[in-house]
Amino acid sequence: MERPNAWKAYDENSLNELEAVSCRYRAFLDNGKTERECVKQAVEMAKAHGYTDLADAVKAGRRLNPGDKLYSVCMDKSIMLFHLGQAPLEDGINVVGAHIDSPRIDVKQNPFYEDTNLAYADTHYYGGIKKYQWVARPLALHGVVAKKDGSLINVVIGEDENDPVLAISDLLIHLAQEQMGKKASEVISGEGLDILMGGRPLEGEEKEPVKALMLKILKERYDIDEEDMLSAEIECVPAGRARDLGLDRSMILGYGHDDRVCAYAELEAMWLLPEIPASTCCCLLADKEEIGSVGATGMRAHYFENAMAELVNLTCDSYSELVLRRALKNSRMLSCDVSAGYDPLYASVFEKKNAAILGNGVAFNKFTGSRGKSGSNDANAEFLGRLRRIMDDNKIAWQTAELGKVDVGGGGTIAYICALYGMEVIDSGVPVLSMHAPEEIINKADLYEAVKAYAAFMKEA
Ligand code: MN
Ligand code: MN
Numbered sequence: 015m016e017r018p019n020a021w022k023a024y025d026e027n028s029l030n031e032l033e034a035v036s037c038r039y040r041a042f043l044d045n046g047k048t049e050r051e052c053v054k055q056a057v058e059m060a061k062a063h064g065y066t067d068l069a070d071a072v073k074a075g076r077r078l079n080p081g082d083k084l085y086s087v088c089m090d091k092s093i094m095l096f097h098l099g100q101a102p103l104e105d106g107i108n109v110v111g112a113h114i115d116s117p118r119i120d121v122k123q124n125p126f127y128e129d130t131n132l133a134y135a136d137t138h139y140y141g142g143i144k145k146y147q148w149v150a151r152p153l154a155l156h157g158v159v160a161k162k163d164g165s166l167i168n169v170v171i172g173e174d175e176n177d178p179v180l181a182i183s184d185l186l187i188h189l190a191q192e193q194m195g196k197k198a199s200e201v202i203s204g205e206g207l208d209i210l211m212g213g214r215p216l217e218g219e220e221k222e223p224v225k226a227l228m229l230k231i232l233k234e235r236y237d238i239d240e241e242d243m244l245s246a247e248i249e250c251v252p253a254g255r256a257r258d259l260g261l262d263r264s265m266i267l268g269y270g271h272d273d274r275v276c277a278y279a280e281l282e283a284m285w286l287l288p289e290i291p292a293s294t295c296c297c298l299l300a301d302k303e304e305i306g307s308v309g310a311t312g313m314r315a316h317y318f319e320n321a322m323a324e325l326v327n328l329t330c331d332s333y334s335e336l337v338l339r340r341a342l343k344n345s346r347m348l349s350c351d352v353s354a355g356y357d358p359l360y361a362s363v364f365e366k367k368n369a370a371i372l373g374n375g376v377a378f379n380k381f382t383g384s385r386g387k388s389g390s391n392d393a394n395a396e397f398l399g400r401l402r403r404i405m406d407d408n409k410i411a412w413q414t415a416e417l418g419k420v421d422v423g424g425g426g427t428i429a430y431i432c433a434l435y436g437m438e439v440i441d442s443g444v445p446v447l448s449m450h451a452p453e454e455i456i457n458k459a460d461l462y463e464a465v466k467a468y469a470a471f472m473k474e475a
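Here our numbering runs 14 ahead of the position in the sequence shown, where the first position is 1.
Rendered as structure tokens:
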């Protein structure tokens, strides 16, 4: 059962569309290196497409009707978009959900120190990373600093071409005999990921003069005091833009494809919906997936359920808990998260006929998990059968996949959490090479097919 390469079916028009989507996606990646930056962009795009804030409708007690478009932001780190359909909520809605947090290196709360004429920031990495991949490369700082007076300072250092960048040094090969003999997981320690922040002393300063100059610049440029770092969220990410990859420009190399490629495909799919969809459609972009969907902005929190309750309240004559539960239970969902793309250089960890192949379109993972499907959401065959019909009717290039060979490893997504409501959920995403590396790789055809697949799902599921 070999699946065809999606590129083979494209005419001139498709190729133009594919390139246009890819171009917009690269801009989304460049301007969205943190979950907050992704939410900000999603709100701007939603507003441009006629969406209004659900909080305003709630405040005004405004009755909502089919065709209404609303967004709801949770703590600036996760967001939901709802496009109300003809069918009552009780019949369930069509959800596409992705996550917008990506592996990175977070700056500690008390980060700064000086050693031997160099100033550093201490860090604590976030999510599953191969630590050795993050040294000896240009890095940028993105985030916010919350001042005591309630104001919030946005920080981006290292992206403008006139900006300096940051870096974490690596040991020179000449003295690395012992390091080179270590296991890859031990080559660089977590505490060893300290960001080099400065190398010049402040004139006239005796105590820690290099750190003092760095702090002076932070103060002058951003009005940040050292103490303000106590209430900051600064993420250290790869500096620079996403780039076309390959002589044929068929792929994109960039930071954060996991899972912003699916998040972006969902957003584009929302703009493709008819004025009044048959069912209510929802694009859900969650935070904290990479560390277990925890916290108030992770999928395990109740913001989705709460937003649905508000929708029930504003669309029905009277609020009913039972209607809410039915709406959740009767819903259909694509948990849109990247899939491990088959890598010929690491063929031994894949079982090829059940691997996601780059260029073959959006991948459906009936289950994820590890060691005997542990931690997985195993989607129902009946649901998958319906999806096959929708995908084929809409001429979507799609494939099925598992995350690598049995016993080799595994991973999870937000799928199992939404399945707790009793709704139909399946994992579906874009194949990625070098997943969780500072620069990941996708094929443009898979992004293009994901946009079409998510739109078709929301229209017809
Ligand atoms: Mn992911
Ligand atoms: Mn991931």
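Beta carbons are placed, not taken as given, at the ideal position from N, Cα and C, and that holds for glycine. Because the structure is a prediction, the values reported are computed rather than measured.
- With 16 or more neighbouring CB atoms inside 10 Å of its own CB, Pro125 falls in the buried class.
- Taking 8 Å as the cut-off, the Cβ atoms of Ala451 and Gln147 count as close.
- Take the alpha-carbon of Lys233 and the one of Leu43: they are about 29 Å apart.
- Within the segment 41-76, the alpha helix (DSSP H) runs of at least 4 residues that lie entirely inside it are, in chain order, 49-62 and 68-74.
- Residue pairing for Ala354: DSSP places it in a beta bridge opposite Val446.
- Gln413 and Val376 have their alpha carbons spaced roughly 6 Å apart.
- In the structure shown, Arg314 falls within a coil segment according to DSSP collapsed to helix, strand and coil.
- For His316, the distance from the CB to the nearest heavy atom of ligand 1 is not below 7 Å.
- DSSP places Arg118 in the strand class (E or B) of the three-state scheme.
- Per DSSP, Gly375 lies in no beta strand (DSSP E) segment and is marked neither H nor E.
- Taking the Cα positions, Asp184 is about 11 Å away from Ser203.
- A distance filter of 5 Å between CB atoms and the heavy atoms of ligand 1 selects the following residues in sequence order: Asp272, Asp273 and Asp351.
- Ser345 carries a coil assignment under DSSP once its states are collapsed to helix, strand and coil.
- Between the segment 77-92 and the segment 135-145, the count of C-beta pairs closer than 8 Å stays below three; the two stretches do not touch.
- Looking only at Met347, Cys432, Val363 and Val149, the smallest Cα-Cα distance to Ala470 is reached by Met347.
- In the DSSP assignment, Arg274 falls within the alpha helix (DSSP H) that extends over His271 to Trp285.
- By the Cβ neighbour-count rule, Cys37 is exposed, with fewer than 16 other Cβ atoms within 10 Å of its own.
- Between Leu32 and Ala459 the beta-carbon gap is near 7 Å, inside 8 Å, which marks them as a contact.
- In this structure, the beta-carbon distance from Tyr430 to Ser390 falls below 8 Å.
- Look at Glu304: its beta carbon is less than 7 Å from one of the heavy atoms in ligand 2.
- Per DSSP, Gln413 is one residue of the beta strand (DSSP E) stretching across Trp412 to Thr414.
- Here Met449 is buried: its Cβ has 16 or more other Cβ atoms, across all protein chains shown, within 10 Å.
- When C-alpha distances from Lys73 are compared across Leu189, Asn394, Gln55 and Glu324, the shortest belongs to Glu324.
- Shown here for Glu289: same chain residues with a beta carbon closer than 7 Å to its own, the five before and five after excluded, namely Gly81 in chain order.
- In this structure, His63 has its CB at a distance of at least 7 Å from all heavy atoms of ligand 2.
- Across the structure, Asp273 and Gly425 are spaced so that their CA atoms are roughly 14 Å apart.
- Taken in chain order, the whole beta strand (DSSP E) runs of length 3 or more contained in the segment 388-412 number zero.
- Counting along the chain, Tyr134 sits inside the beta strand (DSSP E) bounded by residues Leu132 to Tyr140.
- Shortest gap from the CB of His138 to any heavy atom of ligand 2: 7 Å or more.
- Per the coordinates, the alpha-carbon of Pro215 lies some 22 Å from the alpha-carbon of Leu153.
- Annotation for Leu338: Met322, Ala323 and Val326 place their beta carbon closer than 7 Å to its own, counting only its chain and skipping 5 residues before and after.
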